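Colleague:
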Amino acid sequence: MEQVFRLPFIVLGTLCLTIAPVLTGKGKHHLKHDTADAKAVFDNFASAIAIFDVDKDGDLDCLSTVRLDYDKNASTAIYFWTLKNLNGHAQNISFQVAPGPALNQFLVKDKNSD
Numbered sequence: 020m021e022q023v024f025r026l027p028f029i030v031l032g033t034l035c036l037t038i039a040p041v042l043t044g045k046g047k048h049h050l051k052h053d054t055a056d057a058k059a060v061f062d063n064f065a066s067a068i069a070i071f072d073v074d075k076d077g078d079l080d081c082l083s084t085v086r087l088d089y090d091k092n093a094s095t096a097i098y099f100w101t102l103k104n105l106n107g108h109a110q111n112i113s114f115q116v117a118p119g120p121a122l123n124q125f126l127v128k129d130k131n132s133d
């Protein structure tokens, strides 16, 4: 009679020990961190929106950008940023960007000044 009850406990115990790592939710933390390619960013993103709290006052600040011009051969782009000020007036800034010396770097030239 004991053997009839012992088998389910052995099976249940083995199952619990096997599933325990899965149930705890602990990952192996083997994430692959790729380096962003500036040229690929210019190729693939014609517009973007960033929402953040720059002054940590609880109000979210917003930046939107649109690519106005893109030269695929020279790998340069002109982006137009729109920043919303606290008083509701928008500020617009144009930047020309080009890939920098490293894969994940880019050079910025302000198009608003000479």
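First residue of the sequence shown? That's 20 in the numbering used here, and the numbers climb one at a time after it. Built from N, CA and C at the ideal position, the CB exists for glycine as well. These figures come from a predicted structure and were not determined experimentally.
1) Whose C-alpha, out of D53, D80, D62, is nearest the C-alpha of A69?
2) Given 8 Å as the limit, is there contact between the stretch 71–78 and the stretch 112–131, that is, 3 or more CB pairs closer than that?
3) Where does the unbroken alpha helix (DSSP H) through F64 begin, and where does it stop?
4) For K103, write down the residues that DSSP places opposite it in a beta bridge.
5) Are P118 and K58 closer than 8 Å when you measure CB to CB?
6) So, under 8 Å CB-CB, L126 and D56 are touching, yes? Tell me the CB distance rounded to an integer number of Å.
7) Given this structure, state the Cα-to-Cα distance separating S94 from F61, to the nearest angstrom.
8) Can you tell me which of the three DSSP states A117 falls into?
9) Using only CA atoms, which one of N63, H48, L50, K51 lies nearest to D90?
10) Per DSSP, which one or two residues make a beta bridge with K128?
11) Three-state secondary structure (DSSP) at A96?
12) Grab me the residues of A65's own chain with a C-beta within less than 6 Å of its C-beta, minus the 5 sequence neighbours each way, in chain order.
Modeller: Here's the rundown:
1) D80
2) no
3) Taken as a continuous stretch (DSSP letters only), F64 belongs to no alpha helix (DSSP H), as it is neither H nor E.
4) A109
5) yes
6) For L126 against D56, the beta-carbon gap comes to about 15 Å, at or over 8 Å, which does not count as contact.
7) 8 Å
8) strand
9) N63
10) Q115
11) The answer is strand: DSSP assigns A96 an E or B state.
12) R86
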